[in-house]
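A.B. asks:
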Amino acid sequence: MPEVKWTKSSYSEASGNNCVEIAELGPTILIRDSKHPHHPRTTVSRTTWTAFTRTL
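Quick note on the numbering used here: the sequence shown kicks off at 1 and runs consecutively.
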């Protein structure tokens, strides 16, 4: 898998170890738990991610 840049919400704690992180990889959004960055990631389409974030 190519190198990806993980980001988290600006509302996350300063320690950064208790949040959800996302990365964009072409038409795909990767989602992971910052406490377990090497565990399996959830993958969704950009369309699904956009629909999800609009409900928040």
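Virtual Cβ for every residue (Gly too), placed ideally from N, Cα, C.
Predicted model only: the values in this text are computed from it and were never measured.
Can you tell me the Cβ-Cβ gap for leucine 30 and threonine 43, rounded? I've got them flagged as a contact below 8 Å.
C.D. replies: Translated into the one-based positions of the sequence shown, residue 30 becomes position 30. Translated into the one-based positions of the sequence shown, residue 43 becomes position 43. Sure, about 6 Å apart at Cβ, within 8 Å.
A.B. asks: Straight-line CA distance for histidine 36 to asparagine 18?
C.D. replies: In the sequence shown, residue 36 corresponds to position 36, counting from 1. In the sequence shown, residue 18 corresponds to position 18, counting from 1. Using only the alpha carbons, I get a separation of about 10 Å.
A.B. asks: Once DSSP output is grouped into helix, strand and coil, what is the label at methionine 55?
C.D. replies: Here residue 55 refers to the residue found at position 55 when the sequence shown is read from its first residue. The residue asked about is misnamed: residue 55 is threonine in this sequence, not methionine. If DSSP states are grouped into helix, strand and coil, threonine 55 belongs with coil.
A.B. asks: Jot down the residue ranges of each uninterrupted beta strand (DSSP E) in the stretch 8-50, minimum 3 residues, whole runs only, in chain order.
C.D. replies: 20-25, 28-33 and 42-45, all fully within the stretch 8-50.
A.B. asks: Do you know how far the Cα of isoleucine 22 is from the Cα of threonine 47?
C.D. replies: Translated into the one-based positions of the sequence shown, residue 47 becomes position 47. Translated into the one-based positions of the sequence shown, residue 22 becomes position 22. Put simply, the backbone Cα of threonine 47 is about 15 Å away from that of isoleucine 22.
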